[in-house]
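A.B. asks: The structure is given below, and queries will be raised subsequently.
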Amino acid sequence: EAVVERRYAEEHSLDVGSKLTVGGTEYTVCGIGASPDYDAPYQNMSDMAVSSKNFGIIFVTDSEYERVSDSSKSAQTFTYGYLLGNDMTDDKLKELIEDFDFDYTKVTDKYYLETVNEALEKRTEIENGINDLAEGADKLHNGLKDLSDGADTLYGGMNDLSDGSDKLYDGLKTLYDGTVQLHTGMTSIYE
């Protein structure tokens, strides 16, 4: 169900009970009305005139709004304007806003709180991602240090093996020389 903006309903001959398809979803018109927030529903802020034949506004339940805004059919645009008075400039206004002490936890508007919560969730996701990245970098650093220490140990072991093989060679040479002397001595005894 949807409430349709009055001028759009007139341009399209819509009455209560009529069917209206928006973004691929069929709605039953349950009311026709106007809102002081949209006394001139422009499609774009740059439009010079209202064109209710081509553009209109419908009002739906909170749950339907959530469903549509979460889909790829969402068509909402936020546009803000302000008028500066007296000697106020954009820079002065920006400075005032930056100095403004605002506690979002005291806000009661549910739509504003939704926006804040979505931003906080995204910030938390980013912070968690950064923490995961930092932990991963720390693990990588520790792993590389362990690998370097292992390479040093392996290098030391290879040096020990080389020294040991030199000693083994010297020992085998001494054994061979001793065997030659023993053979020579045994041969001279039996000759």
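Numbering-wise (my numbering), the sequence shown opens with residue 63 and increments by one.
Where a beta carbon is used, it is the ideal one built from N, C-alpha and C, also for glycine.
Using a Cβ distance threshold of 8 Å, determine whether the stretch 63 to 81 contacts the stretch 118 to 131, with at least three qualifying pairs required.
C.D. replies: yes
A.B. asks: Since I believe cysteine 92 is in contact with glutamate 63 (beta carbons under 8 Å), could you give me their beta-carbon distance rounded to a whole number of angstroms?
C.D. replies: Residue 63 sits at position 1 when you count from the first residue of the sequence shown. Residue 92 sits at position 30 when you count from the first residue of the sequence shown. Contact holds; Cβ gap of about 4 Å.
A.B. asks: Is the separation between the beta-carbon of valine 65 and that of glycine 95 shorter than 8 Å?
C.D. replies: Your numbering for residue 65 matches position 3 in the sequence shown. Your numbering for residue 95 matches position 33 in the sequence shown. Yes; because the gap between Cβ atoms is below 8 Å, this pair is in contact.
A.B. asks: DSSP three-state call for alanine 181: helix, strand or coil?
C.D. replies: By one-based count along the sequence shown, residue 181 stands at place 119. If DSSP states are grouped into helix, strand and coil, alanine 181 belongs with the helices.
A.B. asks: Taking only the alpha-carbon atoms, compute the straight-line gap between methionine 150 and leucine 158 and give it to the nearest angstrom.
C.D. replies: By one-based count along the sequence shown, residue 150 stands at place 88. By one-based count along the sequence shown, residue 158 stands at place 96. Near 10 Å, if we compare the C-alpha coordinates of leucine 158 and methionine 150.
A.B. asks: What distance in whole Å lies between the Cβ atoms of threonine 87 and glycine 79, which are believed to be in contact at a cut-off of 8 Å?
C.D. replies: Position 17 of the sequence shown, counted from the first residue, corresponds to residue 79. Position 25 of the sequence shown, counted from the first residue, corresponds to residue 87. In fact, because the Cβ distance is near 17 Å, the residues do not count as touching under 8 Å.
A.B. asks: In three-state terms, what does DSSP make of alanine 96?
C.D. replies: Against the sequence shown, residue 96 aligns to sequence position 34. Coil, per DSSP.
A.B. asks: With a threshold of 7 Å (Cβ to nearest heavy atom), would threonine 186 be considered close to the ligand SAM?
C.D. replies: With respect to small molecules bound, the structure shown includes none, and the ligand SAM cannot be examined in it.
A.B. asks: Would arginine 69 be called buried (16 or more neighbouring beta carbons within 10 Å of its own) or exposed?
C.D. replies: Translated into the one-based positions of the sequence shown, residue 69 becomes position 7. The residue is buried, with at least 16 neighbouring Cβ atoms inside 10 Å.
A.B. asks: In three-state DSSP terms, what is threonine 186?
C.D. replies: The residue labelled residue 186 in the question sits at position 124 within the sequence shown. Reduced to three states, the DSSP call for threonine 186 is helix.
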